[in-house]
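Chains as they are written, first to last, in the numbering used here: chain Y, 1 to 355; chain D, 1001 to 1355; chain G, 2001 to 2355; chain L, 3001 to 3355; chain V, 4001 to 4355.
Just so you know, even glycine gets a beta-carbon here, dropped at the ideal spot from N, CA and C.
A short write-up of the structure that comes next.
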Amino acid sequence: MPKYYKRRSKKMGLPPGSLVHIGQPKSGRASVSLMDYDEKHFQEKTIDNVDECIPFKDKPSVTWINVDGVHEVDMLDRLGRAYGLHPLVLEDIANTDQRPKMDDLGDYIYLVAKMIYAKEKDDGLVTEQVSLVLGANYVLSFQEGIEGDVFNPIRERIRTDKGQIRKRGTDYLVYSLLDAVVDSYFAILERMGEKIESLEAELVSHPTPRTLHALQDLKKEMVFLRKSVWPLREVISGLERAQSPLIRPSTFVYLRDVYDHSIQVIDTLETFRDMLSGMLDIYLSSMSNRINSVMKVLTIIATIFMPLTFIAGVYGMNFKHMPELEWRRGYPLVMGLMALVGLSMLGYFKHKRWF
Amino acid sequence: MPKYYKRRSKKMGLPPGSLVHIGQPKSGRASVSLMDYDEKHFQEKTIDNVDECIPFKDKPSVTWINVDGVHEVDMLDRLGRAYGLHPLVLEDIANTDQRPKMDDLGDYIYLVAKMIYAKEKDDGLVTEQVSLVLGANYVLSFQEGIEGDVFNPIRERIRTDKGQIRKRGTDYLVYSLLDAVVDSYFAILERMGEKIESLEAELVSHPTPRTLHALQDLKKEMVFLRKSVWPLREVISGLERAQSPLIRPSTFVYLRDVYDHSIQVIDTLETFRDMLSGMLDIYLSSMSNRINSVMKVLTIIATIFMPLTFIAGVYGMNFKHMPELEWRRGYPLVMGLMALVGLSMLGYFKHKRWF
Amino acid sequence: MPKYYKRRSKKMGLPPGSLVHIGQPKSGRASVSLMDYDEKHFQEKTIDNVDECIPFKDKPSVTWINVDGVHEVDMLDRLGRAYGLHPLVLEDIANTDQRPKMDDLGDYIYLVAKMIYAKEKDDGLVTEQVSLVLGANYVLSFQEGIEGDVFNPIRERIRTDKGQIRKRGTDYLVYSLLDAVVDSYFAILERMGEKIESLEAELVSHPTPRTLHALQDLKKEMVFLRKSVWPLREVISGLERAQSPLIRPSTFVYLRDVYDHSIQVIDTLETFRDMLSGMLDIYLSSMSNRINSVMKVLTIIATIFMPLTFIAGVYGMNFKHMPELEWRRGYPLVMGLMALVGLSMLGYFKHKRWF
Amino acid sequence: MPKYYKRRSKKMGLPPGSLVHIGQPKSGRASVSLMDYDEKHFQEKTIDNVDECIPFKDKPSVTWINVDGVHEVDMLDRLGRAYGLHPLVLEDIANTDQRPKMDDLGDYIYLVAKMIYAKEKDDGLVTEQVSLVLGANYVLSFQEGIEGDVFNPIRERIRTDKGQIRKRGTDYLVYSLLDAVVDSYFAILERMGEKIESLEAELVSHPTPRTLHALQDLKKEMVFLRKSVWPLREVISGLERAQSPLIRPSTFVYLRDVYDHSIQVIDTLETFRDMLSGMLDIYLSSMSNRINSVMKVLTIIATIFMPLTFIAGVYGMNFKHMPELEWRRGYPLVMGLMALVGLSMLGYFKHKRWF
Amino acid sequence: MPKYYKRRSKKMGLPPGSLVHIGQPKSGRASVSLMDYDEKHFQEKTIDNVDECIPFKDKPSVTWINVDGVHEVDMLDRLGRAYGLHPLVLEDIANTDQRPKMDDLGDYIYLVAKMIYAKEKDDGLVTEQVSLVLGANYVLSFQEGIEGDVFNPIRERIRTDKGQIRKRGTDYLVYSLLDAVVDSYFAILERMGEKIESLEAELVSHPTPRTLHALQDLKKEMVFLRKSVWPLREVISGLERAQSPLIRPSTFVYLRDVYDHSIQVIDTLETFRDMLSGMLDIYLSSMSNRINSVMKVLTIIATIFMPLTFIAGVYGMNFKHMPELEWRRGYPLVMGLMALVGLSMLGYFKHKRWF
């Protein structure tokens, strides 16, 4: 399974609006749940047949339909028809390789965002695309069906009527969902920050090629996160600028808040990136530092023993007439000479601060 | 044949609007085909004489004339006159070294895009320029005449009346052609992604200078693709902003869709670029890592054997008076000393974690 | 305690507007002080119970309430209600991990800025978030409660009626506070400039890996400062562009002055960054320079003594028939040959300017 | 003669509008030629005395006066007065160190562009400044007087009434001149492309420091070309935006064409730059690759012969009691041991894939 | 004395508008000179007491008051009051650590620019801040009082009524002053260009670490110059956009001219920067080139003499039974073997093109 892209090629040549699931192949069934609420009443049900959703379309209360799994294109198709979604929007929902974006289609606004989870055992990040359709009195959310989402606290708030969520409309619900998505990025940032710190410590104490690979993996994760956050920021600011009647001005202050959070995420990512590039510099220079110190050991040894071995070699020559060989004190004198040479070499290196 | 540019110099000094073919020299004849359709009828024919196209100019149905091979400038000239194209537009059509662009000339819109195919046997990409002329009831498309194009699925859709294509006008046809071009980029991206992954594996297991060259080749391909996609993105967004009566507002949602796809391509390219630069860092550091480990082997060997050879040299000296030489245990004692020196050196390197 | 981020995750899932303190955990109580003044009168008091502040809300004179410590969320909540602050604003005040920003909420303007202090003993910078609420006749300022702030000279000016501060309104007070914050950055810049100079001297005389770490630490501090100043610049220019009735045109010239100061800080930071990157280049090249000079010592020694040792080895061979060994002048001749070889090697290195 | 700038300093302190020639000192006289044409008639003459040009000023036909050599400031001055040029424009014409630019002075438009020629023998590029003054019925062009220009084909077209040039006005003539300038850049690009290819081949087969210098020279040439093309692009787009009555809307399509060409030049330059930086990476890594392989040879030799020499040294010791020395098979046994050690070392390096 | 910043910290806590001199401490007195002129009359005097300037304020002729030395804050204060300058403007005049900027205060325009001089003996650049106040019929200029300025030619032109300066108003005078400042940058650029050329030659012939330091110093100077020119460019273009009645439209063409000059300076600086970065690449690669060639010498020597020394060592062994030792031709044969080994090693290196 390729890692860096999703097989889009199977769609080549199909007419636009063809519903084809692009993404991780899934086997299980998609699950659909529905919440319908206003300040007074609250109803929650699990949907088996999509047609059960149709009656809610025209109820004035807020209806939130969450679809977990976009691989069942038939079901998507029926739901899309029921809520009057454009074929291209349905196509985008089924394609999990979207960039976060916002399309204002008049009757409804279509949004794409990315939830990001850390995989266990520290090997990378998992992304799950979430598509939101904001209508006047309904919100549709579509997830890839990966286990778990970040929306449970919102469900809980709706159920227990905590905060303002039951008093406000669909735009506030969509804001809450986006806020939950952006909040989840902070958890990823914390995890990255911890990794950076531990890598920094490792870099100072005992850098290995493994450290470099960990640095690069972290960099890739940051690119990954960046790709999700940058366009999301534009999506959020676009919601305010859209001047759609679907978004009440009283929601603007909330959108600005989640916008600030997304800026904060981007800011932190930039800081992390600066740190990583500084760490890479340190790594590379510690590499040449190590070559340097290995070289010094070699040079010290060679510089001391080569002259000594030479001297020993001279007195190992077999010339008939070598007067020193006959001297009584020849041997100790030469040994003394050798000690002198060796020590002066050591002194030279000491002077040069090589050790 | 130069690789990185096409010989434009043969045009130097000619007056503007001179029809000169710039590009790979071709020998075969250009082939021209025509499709004429509306919701009710459909007609397809192969054109031998360009004059056959003239009667279609004023028919209200959509006429799509596809020219395969822009090296026959006479034919271009006659077709251009028949459809009232500006001489500069014809000059641009014959020049296959164009940058993707859009010119709104009032009666028609002129577009340039690039189709990109992967060469077989993995050696690079091939580009084919496609010029589109969007009129009120006709679309002219000009290709370089390289074998194969990405428009066959569209032809099939027109023939079999699949999707909306027969129900909509020339702007939808042009959208479909652009969409096919952009879709073909995804195939190139998949191929690049696969190469990146295999290079990444190679980089971890056994990087060689060949890996670096493959990295650089990939980088060049990316520059190549980038040069085609960036301006195409502007072309597409320009179509919407142009506010030309030739493009109906109902087509805008489709243009925005293909615009999103082009952004997606650019985004993926940027990600790939980040990855490649990370891989280059890894490559370079693995190089100095290797120098480092070679140095260590040398240093260990030299540091162990130089002192030992020195000791052996000392007892190979020919002094008359060297008491050790007379000792019964002299030889085994010296051998023991040597073992001691060698082992303590090894211990030192073990301590320094050199192996 | 993590260094590069603050634990935001404890807020995940809470409804927006939940008052949760994010930042360094504090134990002491928050302290609140109040100043009320106009051209004629001046009153200063320490507040024990936040309700004491309420009567000042509708007084026409300027009221400045300074809160030192935002961890007491109950107190924040009561003060916020008294002055009609939006729950999201209160949430932001309690969250010390904000980016400098400005929100115009109609009745009041909410500002976030960062005070930066140098830690003693040269280990890094400390940041303290300051939130300002600018109302028509009141200014609320919230600090994290770290010891010391940069507002004392302003308090003194108010007390002693020095300068124009008592004659002007809340907008001038907010300007004065922002000016004090930006002024404090200059002190940090001076400290950085001194460090850069001492590192530069160190780099020329005896660069060590420690120098590189100091460089990187300085770089991190600059990233840190940058993160505070860049957005502050936008905040200040936003105040002028906001066209809020809360800011009188006569204050614009002051805002432009502090804006110029913030540009000055950014400019100096950019210059410092260029310097640091130049210093990094010098460091890295001095590293390979040193490898180079170590290599030269090794090569000189080896190149001189290897041939000499070889010659000695030749005359240490035990062949029966080696005529030179019998010569009277054999030994001095060989010694002369050795001297010749050694000196010519030295001459070669001299010629190559190796020493 | 300095290479990277022209001595502007001799103008310091002079009042603005002082006519001082800045550029290569010239000795020969400047030559002036005049063409006067409309659809019906054509006249060409060589001008000896600038006053001969004056009668043409008010003729309705198009007059093109070309001055070859701007060092004769007196002549410039008289011509400038005759055609009512602003002193600052004359000053700019005489200063050959201008950046391409456009000034709309109402009655006329002043343009600066750069012609670029390749020097023979492959040593760099030569630039020649061309100043154009576009009036209602005259065009003045000023060149530095370097031999040869790129305008001959245009002269020929005027003489032979080829193309549209005689039917159109001064704006079309200026367009033609600019088009000729931009076309000449393509020749430079081809030359650069060829150099890049040959350097690329050199880099793969046998990179030398000379290759690096050639890379850097090419880079300098690109900076040089870039400096001429980037501002020229703005000049051309400025002509269209200027909304001057001197430029008829019917000329816009031609200006857009030459604008597209200038973009094409810039695009190709960017591609070349990316390639050069990739080649630099390859060069640097091939350098450390080579250090690596030199190191390996050294290490292999040392690792094989140091242990062997040690063994030989052991049996060269002069101990009285060394039993192996007395053995009949001592010598062949030791030689076998040496072969074993040597071969196992070789096997180790083979295993490590060092050769 | 710190080099990279000026002690601003002594202003911390002071109310805005406090007149504090920031910059190099000066001891001498400031000197003030006055010129008053129109087309008819001219008057020049040296001012001892600032009050002498007051009568000139309301004269319709142009009055230019030049203050050399801004450390005498009392004098500044009195002059400022006389001409109605805002306290913040006076504060900025006394602070020589300003960024070039323009403030339009209605009655007058305040400008800051930087004069740059090359220090003698080639050690760096000196900057002198010049503040200009452009009123309807007066111009105030404030310099730091460093010896010499670039305004003498303008004074001379006024005295001798050369050029247009006496016929035009205060805006033309300010333009002339700015033009003189920008012109002085060209002298600095020439000096830099000469240094770059000599460094380039040094780099090719014998690069040393000193070359690198010179490169870095040059880079710092460029950063320095850049910091003065970039904002000045904005100042000049701001003057035109300001639409102040103080600047007549007839002066625009002059402002555009000096604007072009500032662009030219920036352009040349960018070119220099590209060159320096290319030179740094060459330096670094020449470093590793040199390591490479040192390594080769070592490897060649070791590879030749290690095997030879080993062979000599073998025949230096003391085995009883070594038949070769008894051979008549043993010695010459072994010497021949050694020559063979040595020469084949040399041949190998020749083949590898190592020398």
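- Close CB contacts of A2113/G within its chain, under the 6 Å cut and outside five residues either way in sequence, are with P2100, V2130, V2181, L2232 (chain order).
- K3011/L is a Cβ neighbour of S3018/L, given a cutoff of 8 Å.
- Residues of chain D whose Cβ lies closer than 7 Å to the Cβ of Y315/Y are, in chain order, M1317, N1318, F1319.
- Separation of M4035/V and E4052/V (C-alpha to C-alpha, rounded to the nearest whole angstrom) is 12 Å.
- Between P16/Y and Y1254/D, the beta carbon gap of about 6 Å places them in contact (Cβ cut-off 8 Å).
- One finds R4099 in chain V with Cβ atoms closer than 7 Å to the Cβ of Q2264/G, taken in chain order.
- With respect to the C-alpha of I4158/V, the residue from L4177/V, K4195/V, G4148/V having the closest C-alpha is L4177/V.
- At a C-beta separation below 7 Å, V4297/V has these neighbours in chain G: T2299, T2303.
- Rounded to whole angstroms, the Cβ separation of R3248/L and D3179/L is 16 Å, and the two are not in contact under 8 Å.
- Residue environment analysis places R1329/D among the exposed positions, since fewer than 16 neighbouring C-beta atoms fall within 10 angstroms of its C-beta.
- Where S18/Y is concerned, there is no enclosing beta strand (DSSP E), because DSSP gives it neither an H nor an E.
- Put simply, the backbone Cα of L4218/V is about 50 Å away from that of V2067/G.
- Chain G places a beta carbon closer than 8 Å to that of S288/Y, counting this residue as a contact.
- For F4252/V, the secondary structure class from DSSP, reduced to helix, strand or coil, is helix.
- With a cutoff of 8 Å on beta-carbon distance, I304/Y and L340/Y are scored as not near each other.
- Counting only Cβ-Cβ distances below 7 Å, T3309/L has contacts in chain D at T1309, in chain order.
- Contact of I188/Y with chain D is not assigned, every C-beta pair being separated by 8 Å or more.
- In the DSSP assignment, V3112/L is bridged to K3101/L, S3131/L.
- Below 8 Å, too few C-beta pairs join the stretch 4074-4087 of chain V and the stretch 4146-4158 of chain V to call them touching: fewer than three.
- By a beta-carbon distance limit of 8 Å, I3022/L contacts T3096/L. Their separation comes to about 6 Å.
- No Cβ of chain Y is located within less than 8 Å of the beta carbon of A2113/G.
- Contacts with chain Y at 8 Å (Cβ-Cβ) do not include V1139/D.
- In the structure shown, I247/Y falls within a coil segment according to DSSP collapsed to helix, strand and coil.
- D2183/G counts as buried, since no fewer than 16 other beta carbons sit within 10 angstroms of its beta carbon.
- By the Cβ neighbour-count rule, F3355/L is exposed, with fewer than 16 other Cβ atoms within 10 Å of its own.
- Rounded to the nearest angstrom, the gap between the Cα atoms of I2266/G and Q1216/D is 37 Å.
- In the structure shown, the three-state DSSP call for Y2117/G is strand.
- In this structure the stretch 1307-1318 of chain D lies against the stretch 3313-3332 of chain L, because at least three pairs of beta carbons, one per stretch, are closer than 8 Å.
- Put simply, the CB of D3036/L is far from chain V, with every gap to its CB atoms at 8 Å or more.
- Interface annotation, N3095/L: not in contact with chain D, CB-CB separation never under 8 Å.
- Distance from the CA atom of V3062/L to the CA atom of D3038/L, rounded to whole angstroms, is 6 Å.
- Residues of chain L whose Cβ lies closer than 7 Å to the Cβ of K4219/V do not exist, since the nearest Cβ in that chain is about 16 Å away.
- Under the DSSP assignment, F349/Y falls in the alpha helix (DSSP H) whose first and last residues are 330-351.
- Annotation for K2045/G: the continuous beta strand (DSSP E) segment containing it runs 2042-2047.
- For Y4283/V against S2285/G, the beta-carbon gap comes to about 7 Å, under 8 Å, which counts as contact.
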